[in-house]
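J.: Sharing a structure with you now.
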Amino acid sequence: RTLVVDADMRRPTGHTLLGPSSAPGLGDLLAGRHDFQPKAYELDLAGLSFIPAGEVSAPPSELLGGPAARSLLETLRTHYDVIFVDSPPVLAVPDAVTLAPLCDAALTVVAAGRTDRPQLAQTQGALAAVGTRVTGVILTHFNTTKSGSSYRYPSYGYTRANES
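See the structure below:
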């Protein structure tokens, strides 16, 4: 049982990938306008559910940092085995850093050729400052044809580290 939560309430995009939902979104749940009903968020894929960003009636960082967010996440943990919370970029707005301590861990998403090392270090530092354990990095926008990969398959390439 896996849940994806679109917590980017400033520029939500989860619905473009997972489909729009007629169910109340995260903003609605945090504002107390609706109660969480698991069946309303189930997708056609077995075992996958999605909570869209929803309507925002207060600054997102206030909603995400309030007691309702902690309470909602505790409720969600009773219904799902894995919860992925997608947030805005750490360096752009305070939302991710506000939300991070409520999560078990964080994955940092890095855009190849767009995110530089100082930005990544600053992001990791901001998360560490609030006690968040960063467990990995997801690399996006990586072009395998320009990577100098040693091994190539029609749609897959990689380079071995420390190759002699």
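Position in the sequence shown counted from 1, then plus 113, gives you the working numbering. Ideal placement from N, C-alpha and C gives every residue a C-beta, glycine not left out. Predicted model only: the values in this text are computed from it and were never measured.
1. In chain order, what residues of the same chain lie with their CB nearer than 7 Å to the CB of PRO125, ignoring the 5 residues before and after it?
2. Under 8 Å by Cβ, that's how I've got LEU240 and VAL210 pegged, so tell me the actual separation to the nearest angstrom.
3. Between which residues of its own chain and PHE255 is the CB-CB distance below 8 Å, once the five residues before and five after are set aside?
4. Helix or strand or just coil, what does DSSP make of ASP217?
5. As a quick exercise: from SER134, ARG146, GLN235, ASP121, pick the residue whose alpha carbon is nearest that of PHE163.
6. Given this structure, state the Cα-to-Cα distance separating ASP199 from PRO231, to the nearest angstrom.
7. Do LEU131 and LEU189 have their CB atoms nearer than 8 Å?
8. Evaluate ALA234 with the Cβ neighbour count: other Cβ atoms within 10 Å of its Cβ, from every protein chain shown; 16 or more gives buried, anything less gives exposed.
9. With respect to the beta strand (DSSP E) encompassing ASP199, which residues constitute its N-terminal and C-terminal limits?
10. Once the 5 residues before and after THR228 are set aside, which same chain residues still bring their CB inside 8 Å of it?
11. Tell me whether GLY249 sits in a helix, a strand or coil according to DSSP, three-state version.
12. For SER170, report the span of its beta strand (DSSP E) as first-last.
13. Which residue's Cα is closest to the Cα of PHE149: THR129, THR253, TYR193?
14. Which first and last residues belong to the alpha helix (DSSP H) in which THR211 is found?
T.: In terms of the structure at hand:
1. Taking the first residue of the sequence shown as position 1, residue 125 is located at position 12. Closer than 7 Å at Cβ, skipping near neighbours: ASP119, PRO165, ALA166.
2. Within the sequence shown, numbered from 1, the residue matching residue 240 stands at position 127. Within the sequence shown, numbered from 1, the residue matching residue 210 stands at position 97. Taking 8 Å as the upper bound for CB-CB distance, LEU240 and VAL210 are in contact here, some 7 Å apart.
3. What you label residue 255 is simply residue 142 of the sequence shown in a count that begins at 1. When the five nearest sequence neighbours on each side are left out, the beta carbons in the same chain lying within less than 8 Å of the beta carbon of PHE255 are those of ALA225, in order along the chain.
4. Counting from 1 along the sequence shown, the entry for residue 217 is found at position 104. Correct three-state label for ASP217: coil.
5. Translated into the one-based positions of the sequence shown, residue 163 becomes position 50. When each option's Cα is compared against that of PHE163, the closest is SER134.
6. Taking the sequence shown and counting its residues from 1, one reaches residue 199 at position 86. Taking the sequence shown and counting its residues from 1, one reaches residue 231 at position 118. Rounded to whole angstroms, ASP199 to PRO231 spans 22 Å at the Cα level.
7. Along the sequence shown, one-based indexing puts residue 131 at 18. Along the sequence shown, one-based indexing puts residue 189 at 76. No, these two residues do not count as a Cβ contact at 8 Å.
8. Indexing the sequence shown from 1 puts residue 234 at position 121. Here ALA234 is exposed: its Cβ has fewer than 16 other Cβ atoms, across all protein chains shown, within 10 Å.
9. Taking the sequence shown and counting its residues from 1, the one referred to as residue 199 is at position 86. For ASP199, the enclosing beta strand (DSSP E) covers residues 195-199.
10. Taking the first residue of the sequence shown as position 1, residue 228 is located at position 115. In its chain, beyond the 5 residues on either side, no residue has a beta carbon closer than 8 Å to the beta carbon of THR228.
11. Within the sequence shown, the letter at position 136 stands for residue 249. Three-state DSSP puts GLY249 in a strand.
12. If you number the sequence shown from 1, residue 170 lands on position 57. First-last for SER170: undefined, no H or E at that position.
13. As a working note, residue 149 is residue 36 in the sequence shown. Distances from the CA of PHE149 to each of THR129, THR253, TYR193 were compared; the closest alpha carbon is that of TYR193.
14. By 1-based counting over the sequence shown, the position of residue 211 is 98. From DSSP, the alpha helix (DSSP H) with THR211 extends over 208-212.
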